[in-house]
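Start counting the sequence shown at 273; every next residue gets the next number (the working numbering).
Note that CB positions come from ideal geometry on N, CA and C, so glycine has one too.
Because the structure is a prediction, the values reported are computed rather than measured.
Here is the structure we will look at.
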Amino acid sequence: MRAHEAGALHGDIGNRGPAWLRTPVDVNALVPRLWPRTVARADGGALTVAGLDVRDLAAEFGTPMYVLDEDDLRSRCRKFRAAFPDADVYYAGKAFLCRAVVRMIAEEGLFLDVCTGGELATALSAGMPPERIGFHGNNKSVAELARAVDAGVGRIIVDSFAEIDRLTALARERGVRPKVLVRVTVGVEAHTHEFIATAHEDQKFGFSLAGGAAAAAAFKILDEDVLELRGLHSHIGSQIFDASGFEVSARRVLALQAQIRDARGVELPELDLGGGFGIAYTTQDDPASPHDLAKRMRKIVDGECAAERLAVPHLSIEPGRAIVGPAVFTLYEVGTVKFVPLGAGGGPADGRAYVSVDGGMSDNIRTALYDASYSATVANRTSPAEPLLARVVGKHCESGDIVVKDEFLPADVQPGDLVAVPGTGAYCRSMASNYNHVPRPPVVAVRDGRARLIVRRETEEDLLALDVG
Ligand SMILES: *Cc1c(COP(=O)(O)O)cnc(C)c1O
273 MRAHEAGALH GDIGNRGPAW LRTPVDVNAL VPRLWPRTVA RADGGALTVA
323 GLDVRDLAAE FGTPMYVLDE DDLRSRCRKF RAAFPDADVY YAGKAFLCRA
373 VVRMIAEEGL FLDVCTGGEL ATALSAGMPP ERIGFHGNNK SVAELARAVD
423 AGVGRIIVDS FAEIDRLTAL ARERGVRPKV LVRVTVGVEA HTHEFIATAH
473 EDQKFGFSLA GGAAAAAAFK ILDEDVLELR GLHSHIGSQI FDASGFEVSA
523 RRVLALQAQI RDARGVELPE LDLGGGFGIA YTTQDDPASP HDLAKRMRKI
573 VDGECAAERL AVPHLSIEPG RAIVGPAVFT LYEVGTVKFV PLGAGGGPAD
623 GRAYVSVDGG MSDNIRTALY DASYSATVAN RTSPAEPLLA RVVGKHCESG
673 DIVVKDEFLP ADVQPGDLVA VPGTGAYCRS MASNYNHVPR PPVVAVRDGR
723 ARLIVRRETE EDLLALDVG
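Here is the structure:
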């Protein structure tokens with residue numbers, strides 16, 4: 273947690289708050305890096321996206337809804353491909369997956385990571401070429417592995433000795449030779465501006481490098497010679513702004529690559545450096561561009577390969593959040609506004625407005641789960657009113673049901689206003705729940721003045737259909 277978040281979360285606001293909360297803001301302005309590329313304010317003050325007025329979208333599809341700017345998503349795919357021209361770019365489907373998005377990323381030349389049978393089924397049903405799918409997971413079932421092998425999935429990222437045995441048995445039965453990567457836990461955990469490098473990694477994913485398990489897994493696969501070992505894989509964190517963590521992980525994983533060469537005379541042809549590239553959720557965030565990240569990562573890998581006298585392997589990366597996160601905003605309708613005084617003065621500078629919207633932790637759990645920060649704006653109009661420190665909260669029976677911890681909204685924010693929260697493309701709809709029996713919102717893709725429903729809203733009938741008692 274960053275310092276400004278700690279202060280903001282614990283109510284240390286008003287004239288004692290962190291600097292950014294005291295900085296006067298223009299509540300009508302849009303900071304471009306927070307919003308999908310086609311979002312603008314129309315002359316009347318309402319937000320438009322792909323030329324569509326959000327008031328019309330709300331009227332047609334209802335609120336809350338996720339609005340996906342298709343041009344924005346596609347341009348992010350292209351930026352990653354241009355930045356990593358000779359690497360395979362896997363979109364990490366767990367960030368958000370539906371058939372329309374599978375088709376978009378496939379058309380843009382990306383590969384796709386899945387980590388369950390359900391994600392695999394979605395990918396295959398949308399026509400994703402199986403050889404461009406990578407299958408992750410620390411506990412893939414035998415049924416899931418069999419499905420992946422039978423479908424001809426391009427890479428299976430093996431995560432345990434039990435999985436190697438299961439996959440080897442399946443491959444022998446079928447007379448096939450699945451291509452695999454070994455997931456290595458390198459003892460680096462990276463988030464935002466910090467990374468922690470330890471000798472050991474205390475987590476459920478992968479084979480430990482320091483304990484020798486990763487080398488043993490690679491030797492086992494090579495010696496049994498049933499699976500085709502294509503390379504090593506490491507994934508060090510999420511919402512990473514600084515490439516330094518990749519430097520340590522690349523050094524460690526390439527040292528293992530050299531150890532395998534020395535022991536078995538094999539230079540593995542591929543290296544997957546994972547995902548975790550950060551995005552801007554608030555004005556406080558300023559992540560590196562894919563281009564700059566690629567430059568850093570390429571230099572790190574080239575340098576380490578030279579030091580280990582290794583040929584530079586074919587690289588893969590796995591961005592999830594950085595592809596879909598900024599391409600989506602959530603559109604809510606305000607239901608109630610309460611002013612809660614916190615300080616002695618009782619004036620607007622000494623309290624906070626609780627702006628309740630018609631969704632909440634069921635469509636965005638990240639604030640409650642990760643203490644994540646978001647931004648918001650009133651979307652149906654501009655306002656001449658003073659900025660008011662607001663907290664956007666949901667409608668659930670839970671006081672931690674917060675969507676946006678701190679944001680300046682116009683002091684005249686009122687029931688019936690639309691509030692838009694940017695940066696909700698990743699890990700929001702995909703982690704959505706039916707808490708309080710709230711149906712999950714739809715996803716609407718917009719492009720060139722047209723709106724297309726790609727995931728429909730759940731209904732009460734959908735909820736009751738599962739309840740067969
Ligand atoms: C989650 C995950 C990713 C994607 O992470 P982002 O933070 O969304 O970029 C990539 N690779 C693996 C193995 C993951 O588990």
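- Item | Segments assigned beta strand (DSSP E), at least 3 residues, entirely inside the region 580 to 620 | 586 to 589 and 600 to 613
- Message: Checking the sheet assignment: what are the DSSP bridge partners for residue 703?
- Response: For residue 703, which the question treats as bridged, DSSP gives no partner whatsoever.
- Message: I need the straight-line Cα distance from residue 548 to residue 390, nearest angstrom please.
- Response: C-alpha of residue 548 to C-alpha of residue 390: approximately 22 Å in a straight line.
- Does at least one heavy atom of ligand 1 sit under 7 Å from the Cβ of residue 549? For residue 549, the CB falls within less than 7 Å of some heavy atom of ligand 1.
- Kindly examine ligand 1 and report whether one of its heavy atoms sits closer than 7 Å to the Cβ of residue 698. yes
- Message: Please give the ranges of any beta strand (DSSP E) in the region 412 to 490, keeping only runs that are unbroken, at least 3 residues long and fully inside the region.
- Response: 427 to 430, 451 to 457, 460 to 464 and 466 to 469
- Quick one: Cα of residue 557 to Cα of residue 677, how far? 15 Å
- Item | Terminal residues of the beta strand (DSSP E) in which residue 677 lies | 674 to 682
- Query: Going by beta carbon distance, what residues of the same chain come within less than 7 Å of residue 490, once the five residues before and after it are set aside?
  - Reply: 454, 501 and 532
- Item | Opposing strand residues paired with residue 649 [DSSP bridges] | 692
- Can you give the Cα-Cα distance for residue 632 and residue 571, rounded to whole angstroms? 42 Å
- Task: Report the option in 485, 512, 460 and 478 whose CA atom is closest to the CA atom of residue 470.
- Result: 460
- Which residues DSSP lists as bridging residue 376, in chain order: Answer by DSSP bridge pairing: none, since residue 376 is not bridged.
- Query: Would the C-beta of residue 546 count as close to ligand 1, meaning under 7 Å from any of its heavy atoms?
  - Reply: yes
- If you drop the 5 nearest sequence neighbours on each side, which residues of the same chain put their C-beta closer than 8 Å to that of residue 458? 473, 481, 506, 508, 520, 521, 524 and 525
- Message: Quick check on DSSP: helix, strand or coil for residue 525?
- Response: Residue 525: helix per DSSP, three-state reduction.
- Message: Taking 7 Å as the cut-off, is the C-beta of residue 446 nearer than that to any heavy atom in ligand 1?
- Response: no
- Message: When you measure from the CB of residue 590 to every non-hydrogen atom of ligand 1, does any distance come out below 7 Å?
- Response: yes
- Item | Cα-Cα separation, residue 345 to residue 541 | 30 Å
- Message: Taking 6 Å as the limit between beta carbons, can you name the residues of its chain near residue 371, skipping five residues before and five after?
- Response: Counting only Cβ-Cβ distances below 6 Å, and skipping sequence neighbours, we find 398.
- Message: Measuring CB atoms only, is the region 354 to 362 touching the region 328 to 342, in the sense that at least three cross pairs come out at less than 8 Å?
- Response: no
- Message: Counting only beta-carbon separations shorter than 8 Å, does residue 599 have a partner in chain B?
- Response: In the displayed structure, chain B is absent; only one protein chain is listed.
- Task: Report whether the distance from the Cβ of residue 476 to the nearest heavy atom of ligand 1 is below 7 Å.
- Result: no
- Query: Can you give the beta carbon distance from residue 386 to residue 407, rounded, assuming they're within the 8 Å contact cut?
  - Reply: 6 Å
- Query: Which class does residue 352 belong to by DSSP, given the choice of helix, strand or coil?
  - Reply: helix
- Task: Pull up the DSSP beta-bridge partners for residue 659, would you.
- Result: 682
- Environment of residue 706 [buried if 16+ CB atoms lie within 10 Å]: exposed
- What is the rounded straight-line gap between the Cα of residue 323 and the Cα of residue 663? 29 Å
- Task: Using the Cα positions of residue 276 and residue 680, report the straight-line distance between them to the nearest angstrom.
- Result: The predicted position of residue 276 is uncertain, since its pLDDT is 37 and thus under 50; a value taken from the coordinates is nonetheless stated next. In a straight line, the C-alpha of residue 276 is about 15 Å away from that of residue 680.
- Return the chain-ordered list of same chain residues with a C-beta closer than 6 Å to the C-beta of residue 308, the five sequence neighbours on each side being excluded. 341, 344 and 599
- Contacting residues, own chain, Cβ-Cβ under 7 Å from residue 297 (five flanking each side not counted): 659 and 680
- Task: Name the residue from 636, 722 and 567 whose alpha carbon lies nearest to the alpha carbon of residue 337.
- Result: 636
- Item | 7 Å Cβ shell around residue 713 - same chain, five flanking residues per side excluded | 336, 337, 338, 631, 635 and 729
- Task: Grab the span of the alpha helix (DSSP H) containing residue 553 for me, first residue to last.
- Result: First-last for residue 553: undefined, no H or E at that position.
- Once you ignore the five residues that flank residue 581 on each side, which residues in its own chain have a CB closer than 8 Å to its CB? 530
- Report the rounded CA-to-CA distance for residue 449 versus residue 528, giving the unit in angstroms. 24 Å
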